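**Q** When the letters of the sequence shown are read in order and numbered with the UniProt record's numbering, they come out as residues 1 to 118. A single structure is presented below for examination.
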Amino acid sequence: MMFLWSVLFPPQETLTGFLVDQTITPPGREFFSQFEKQWVWPKYSEGLTVEVKEKRAMGNSSEIVITVNNEQAGVFMISPRPEVIEAYSTYAVGRVHGFIRNNQDLLKAFDLLGNGIY
1 MMFLWSVLFP PQETLTGFLV DQTITPPGRE FFSQFEKQWV WPKYSEGLTV
51 EVKEKRAMGN SSEIVITVNN EQAGVFMISP RPEVIEAYST YAVGRVHGFI
101 RNNQDLLKAF DLLGNGIY
């Protein structure tokens, strides 16, 4: 019976996480596009939500805030120049990966202590 079930309903790929675009200007959208192109979900990132939010700043610059599960992972001031946007998006991917890795290590350490965090 189990074999028939797996043939009729093959297992789906698991959902690793969400990458959410909350940008409002063309440079912000370009930043998200560059960020998304370079983004690869780490193997330990199941159930995470990465949000890229944009706030207008002075002049023609924007403040990009990246959060992981509602915790701030980085803040970047970008200008509308393509080379700046590309450089910051590359840096942001590395910074968010490091943030996720550090938080996962911390949660695993707490879990090994048996304090109820899992």
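Virtual Cβ for every residue (Gly too), placed ideally from N, Cα, C. Everything numeric in this text was worked out from a predicted model, so none of it was measured.
Are K53 and V65 close, meaning C-beta to C-beta below 9 Å?
**A** Yes, the Cβ-Cβ distance between K53 and V65 is below 9 Å.
**Q** What residue range is occupied by the uninterrupted alpha helix (DSSP H) comprising S62?
**A** No alpha helix (DSSP H) contains S62, which is instead part of the beta strand (DSSP E) from S62 to V68.
**Q** In whole angstroms, what is the alpha-carbon distance linking T23 and K55?
**A** Taking the straight line joining both Cα atoms gives about 8 Å.
**Q** Where do the ends of the beta strand (DSSP E) carrying G17 lie?
**A** Note, G17: beta strand (DSSP E), G17 to Q22.
**Q** Buried or exposed: which applies to N69, given that a residue is buried once 16 or more other Cβ atoms fall within 10 Å of its Cβ?
**A** N69 is exposed by the Cβ-count criterion.
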